[in-house]
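Protein chains in written order, with this note's numbering: chain C, 2 to 607; chain L, 4 to 514.
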Amino acid sequence: MPIISVDAARLDGLLAKDYTAEVLGDTLDRIGCDVEEVIELARYRCPNCAALVEGSLGSDTVKVCGVCGHAQDEGFEKVDTVTAIRIDLLAARPDLFDIGGLARALKGYLGEVRGLPEYPVGAPTLRVKVDAGVEDEASRWPHIRCAVVEMPPLDDALLATIMKMQENLHWGVGRDRKLASIGVYDMATLEGDITFRTLHPDDEPFEPLGMPGQTMSGRQILEEHPKGVAYAGILADHARYPVLIDAAGTVLSMPPIINSEPTKVKVGSTRLFVDVTGPSDAAVEASLAMMVTSMAELGGTITACTIVRPDGAEIVTPDLTPGRAEVELGKAKQWLGLPLDADSLTDCFERMRLDVRPLDAERTRFEVVYPAFRGDIRHPVDLLEDLAIGFGYENIEPALVPTMTVGKARPEEEVSGAARMVMFGLGFTEIMSLPMTTEADHFTKLRLPVPDDYVRVANPKLKALTVVRSHLMGGVMNALHHNRRRPMPVRLFELDNCVRLADEGDPTAQFGVAEERRLCFAEVGPEAGFAAVRSVLDALCFELGHEGVYAAVAHPSFVEGRVARFTAGPLEGYIGEVHPEALDAFGIDYPVGLVEIRVAPIDWEA
Amino acid sequence: MKQLTLTEEAAAVWRALAEGGAADVAALVEATGLDQSRVMVVAGAGGEAGHIAVEEQARDEVDPADGAAEMLERGLDERRAAQALHAAGGSLAMPQFIALTKAEGIAVSAVFRFGAARGWVKREKGSGGPPSVVLTDAGRAALGGEAPDEKAVRLALEGTRFLDEMDVDADAVRKLLGGRKELARLRSRTRRVLSLTDSGRAAWAAGPRVVVERNTLTQDDLRSGAWRDITLRPYDVTLPAARVYPAKPHPVRKIIEQTRRAFLELGFEEVGSPAVEVAFWNFDALFQPQDHPARDMQDTFYMSAPATGELPREEWVEGVKAAHEDGGETGSTGWGYRWSLERAQAMVLRTHCTSATIRALARKPEAPYKAFCVGWTHRNETLSYKHLPVFHQVDGIIIDEAASLATLLGTLKAFYQKMGFEKVRFKPAFYPYTEPSVDVMVYMPERGKWLEMGGSGIFRPEVTEPLGCKHPVLAWGLGIERLAMLRLGFSDIRDLYQGGLDVVEGVPVCR
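Here it is, written out as structure tokens:
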């Protein structure tokens, strides 16, 4: 997940009183931010786009610009060092992605401001016309919402904040631009109304951001421009590409890929045009609400835009109408287990920047009003979380449920516990190995044919890790290899679950897979062999209340004539001396006696 | 007078001293056949009782150098020079002498240093010409003999190593051998001479009681009663012993067993679920939207065999679908998308044990009910020192009318205190299927910091209601390996599962 570094002094500057970086970090932690640490952080300037770039941890130089992608061998010029609060972003709370949103929450939590934040929206002056092409199945990128925000003239820090905000919302709300994509432009470079339409991939070239003086077609951008290459997948199936163009024919951007160079926001820009487009109207709406309200927290004034749909219908955006939900005091007290009353409930909600209004004279039911950007609220219980945070987790008195219940272990654990005790008593130490393995370790090295079908993983990052184990021999043999330099003999065992493709009608199987508790034990050393492990197996069977019946069989993993299949009550398996070719394959240079047992079938209730 | 009690060993030493008079340790070793250390033990005990006197004498040991035998065999440089001078008529001019020593391989420096010291050769000034080297009378006299140092080194080579045992002029040897390391060194040694004191002699004469001393008793000694006359030799009980290790459980297994016991003690039923699980139970039933990044191929292992699985009973599936799409009857807005049956049927390796607890909830939706599951969980990761594609989690639920955020915190605190963590702290978190959500942190005094252990919360109504549960449900998923790594002080998580016994042996059972 992305981590942001918030300049503590700047954050403090947005608040009425003075707080240290530690107090701010601690308060954010209590609000639910994942605060990693408070550090000193150097900042650098990109010589290409002049953006302010944060240094990375453990490095005293920056050579790549995160904004324009510019890279050079020589380090960038260092600008200053700030005390930064590093926060791991939580996808669920995009309203806490930037310094404006964080300041808004802190103001409430620290008691400077209470209740719902208000964002006046000025009447629309700009029209955005949507062409039917963006709704065409072959070139679909249908939704658009826009706003104009008047900011104080942008300085370095403010510019960097807006860029970072955009990038993080792309991740957190836009799912890496797949659902929604944001663009910000300098209004001073735009003329007249805006049109949202599609563009022929090879005609209508424009000057993409980061490549001044160079015009490229849409297709060229996808194939050659670094941002184009990175996001080309999203438009892979598009016949034509979405584009925003002003009345003078200047391209603003080709969402969700890139903005244009001539319309870019610079230090000193003050009127900004913000658009969000994409396939998910909910994500588009949320992104815009998040963007403009955070910018408002940073000193911006919002003006609406009129979106003219292809059918002529008009909508005015952004829509910052607050949401409303009903909360019952009794339900809240029960759900949270907190000593709340109408006053403390109101106080906790207001602290969380929510408005509260009693719905009845007894003040047992309340209407809670939440801002438009709180897209995380889908159910009244979501507001109870705000209530709990407003109360402060550190103020909660932990308690136990008073209800008496009786503990009960799984049946396979009872027999496993007994088997484990016997194995320790017989001098075998327990090992554990991973239940995912490779065909080589699970079959080939053990001289077992690789079956056509086994419980197989389709997409492992480690390509060979396709096998979910059906026996424990591979892990035990690897462990013997790992211990080959120790004084002999070495005795060890593993006891764990395995899976196999089930036979038709297997009563314990689910989805055609049967699971079972298995035990594998082995001895390696100059004296190791059938007789020694046979004694151990007999002892184990006796202690578990069974008697083994042995039958000579052939098994590719074992020496011919020194392998048996056995059953002992519910236990069944193989015992033998491991084949020298298998020893060689695992890099073991003493004989090995090994036993593999199914201890118990496992019946997970459906 | 109290009768003297001696071990067999001590009696042998006493007898040698009583019969042979004073003797040094070497002589007693020879006489009794005991080790020098045993003789000294006897001397020490006798000394403490005032029966044996130990007199220490400083003495010089001649320790010939590695090449000493060859040097003597060939003749020391100054002896050979003297012989050559004698053959040349007793005197040679310096240039001729130098030429001669060169031809014979004689070191001139040794000749002048040691030859002059012995008074065998001297330098005389030539009248006008070069100086000459002259054999002295003493040198001539020494020609056929053996100098004291030569004799001492020869004797030492033959086995008589102490100067005071040699019939030589000790002072001359000390002077001549001093500073000639290539021939031999003199080492200062202490000779201990033991003798019986008057009281010792009297005690011996009175007839001591001799007891048998052994290292072990045999079966016969014990059966026959002979053990009564046997003393077991005392040990230095403070010495270190050979290291052995018991067969014991794997450290992760120990934590799993401790975890199981903690929840069983708290009245939980242990439950489980298939490791190869259908996406419905792993994700959908937990209100994880189907386009959630956690469900990506990047993060989750999908199965090619079996690739799809059957969904459970219709009413659950319909309820879950409705919760996702528009909230259904849960009072939620839902996620607002079209829920796909196919995506819910995909088979995965379970990414958490919440699939086990949510199945338990569906089976037994009535309060009160407490269930937990410890098991392997899977994430599509490569292996590194920090991450494994497979690891353990413990998940738990409490269905109870008194279930609340406060009792969630109380339960987790009770659990971690059972696991040995005194201080437990909670902070807000955001998880898709709980509301509120809580991160659990424990304080590690060894590291002086708080560490995150896992996530928890109260199941959202979108999770519980479609499965027929109308009560509040507490839920959590906590990491096991993290606990193991912190407790055991490992830095590479892979070490846990490679099978090396040193990992198991190195961790005491109590940790």
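Yeah, the Cβ is synthetic: ideal placement off N, Cα and C, and Gly gets one too.
Classify residue i as helix, strand or coil using the three-state DSSP reduction.
| i | result |
| --- | --- |
| Val279 of chain L | strand |
| His171 of chain C | helix |
| His144 of chain C | strand |
| Pro439 of chain L | strand |
| Pro292 of chain L | coil |
| Glu262 of chain C | coil |
| Pro359 of chain C | strand |
| Arg157 of chain L | helix |
| Met447 of chain L | strand |
| Gly56 of chain C | coil |
| Tyr575 of chain C | strand |
Quick one: is the Cβ of residue i within less than 7 Å of any heavy atom of the ligand GDP?
| i | result |
| --- | --- |
| Gly378 of chain L | Among the components of this structure there are no ligands whatsoever, and the ligand GDP is therefore not found. |
Just to confirm my understanding: we take residue i, look at its own chain, exclude 5 residues before and 5 after, and list those with CB closer than 7 Å. What are they?
| i | result |
| --- | --- |
| His89 of chain L | Leu138, Arg143 and Leu146 |
| Ser434 of chain C | Gly476, Asn479, Ala480 and Glu495 |
| Thr311 of chain L | Gln348, Ala349 and Met350 |
| Arg263 of chain L | Glu273 and Val377 |
| Asp383 of chain C | Asp377 |
Here's the rule I'm using: 16 or more other beta-carbon atoms within 10 Å means buried, otherwise exposed. How should residue i be labelled?
| i | result |
| --- | --- |
| Lys184 of chain L | exposed |
| Met2 of chain C | exposed |
| Val445 of chain L | buried |
| Tyr238 of chain L | exposed |
| Ala92 of chain C | buried |
| Leu360 of chain C | exposed |
| Gln167 of chain C | buried |
| Thr322 of chain C | exposed |
| Phe543 of chain C | exposed |
| Cys34 of chain C | buried |
Which residues in the same chain as residue i place their Cβ atom closer than 6 Å to its Cβ, once the five residues preceding and following it in sequence are excluded?
| i | result |
| --- | --- |
| Asn218 of chain L | Arg236 |
| Gly693 of chain C | Outside the shown range of chain C (2 to 607) lies residue 693 of chain C, about which nothing can therefore be said. |
| Thr294 of chain C | Tyr120 and Phe374 |
Would you mind working out which of the options sits nearest residue i, comparing C-alpha positions?
| i | options | result |
| --- | --- | --- |
| Met306 of chain L | L:Leu415, L:Thr354, L:Ala159 and L:Gly460 | L:Thr354 |
| Cys499 of chain C | C:Arg492, C:Arg176, C:Gly513 and C:Leu520 | C:Leu520 |
| Thr360 of chain L | L:Ala245, L:Leu95, L:Val213 and L:Gly399 | L:Gly399 |
| Glu192 of chain C | C:His144, C:Ile246 and C:Pro154 | C:Ile246 |
| Cys50 of chain C | C:Cys66, C:Glu41 and C:Pro257 | C:Cys66 |
| Phe424 of chain L | L:Thr437, L:Glu107, L:Lys367 and L:Leu486 | L:Leu486 |
| Leu477 of chain L | L:Glu508, L:Ala409, L:Lys421 and L:Gly502 | L:Ala409 |
| Glu395 of chain C | C:Val579, C:Leu339 and C:Arg457 | C:Leu339 |
| Glu327 of chain C | L:Gly334, L:Pro431 and L:Ala29 | L:Gly334 |
| Gln348 of chain L | L:Lys257, L:Pro371, L:Phe375 and L:Phe286 | L:Phe286 |
| Ala283 of chain C | C:Asp377, C:Arg457 and C:Gly300 | C:Asp377 |
| Glu329 of chain C | C:Trp142, C:Ala459, C:His380 and C:Ala290 | C:His380 |
| His482 of chain C | C:Pro48, C:Gly526 and C:Leu25 | C:Gly526 |
| Met422 of chain L | L:Leu364, L:Asp329 and L:Lys257 | L:Lys257 |
| Leu386 of chain L | L:Arg204, L:Phe433 and L:Arg497 | L:Arg497 |
Short of 8 Å in beta carbon distance, which residues of its chain neighbour residue i, apart from the five on each side in sequence? Order them along the chain.
| i | result |
| --- | --- |
| Asp302 of chain L | Pro296, Thr354, Arg382 and Asn383 |
| Asp507 of chain C | Ala515 |
| Lys18 of chain C | Leu111 and Glu113 |
| Asp590 of chain C | Arg485 and Leu584 |
| Arg470 of chain C | Pro436, Met437, Thr438, His443, Gly476, Cys499 and Val500 |
Can you list, in chain order, the residues of the region 401-415 of chain L whose Cβ is nearer than 7 Å to any Cβ on chain C? Ile401, Asp403, Ala405, Ala406, Ser407, Leu408, Ala409, Thr410, Leu412, Gly413 and Thr414
According to a CB-to-CB cut-off of less than 9 Å, which residues of the region 455-477 of chain C neighbour chain L? Tyr455, Val456, Arg457, Val458, Ala459, Asn460, Pro461, Lys462, Leu463, Leu466, Thr467, Val469, Gly476 and Val477
Along the region 349-383 of chain C, where does the CB come closer than 8 Å to a CB of chain L? Name the residues. Asp377, Arg379, His380, Pro381, Val382 and Asp383
Compile a chain-ordered list of the residues in the region 380-410 of chain C whose CB is closer than 8 Å to at least one CB of chain L. Residues His380, Pro381, Val382, Asp383, Leu385, Glu386, Ala389, Ile390, Tyr394, Glu395, Ile397, Glu398, Pro399, Ala400, Leu401, Val402, Pro403, Thr404, Met405, Thr406, Val407, Gly408, Lys409 and Ala410.
Just by C-beta distance, which residues in the region 497-510 of chain L are closer than 9 Å to chain C? Leu499, Tyr500, Gln501, Gly502, Gly503, Leu504, Asp505, Val506, Val507 and Glu508
Positions along the region 325-344 of chain L whose CB lies within less than 9 Å of some CB in chain C: Gly330, Thr333, Gly334, Ser335, Thr336, Gly337, Trp338, Gly339 and Tyr340
Where the region 266-288 of chain L meets chain C: residues whose CB sits under 9 Å from a CB there: Phe266, Leu267, Glu268, Leu269, Gly270, Phe271, Glu272, Glu273, Val274, Gly275, Ser276, Pro277, Ala278, Val279, Glu280 and Val281
To be precise: take each residue of the region 16-43 of chain C, compare its Cβ to all Cβ atoms of chain L, and keep it if any distance is under 9 Å. Which residues remain? Within the region 16-43 of chain C, the residues whose Cβ lies closer than 9 Å to some Cβ of chain L are Asp30, Arg31, Ile32, Gly33, Cys34 and Asp35, listed in chain order.
Using a Cβ-Cβ cutoff of 8 Å, what residues of the region 499-519 of chain C are near chain L? List them in chain order. Val500, Leu502, Gln511, Phe512, Gly513, Val514 and Glu516
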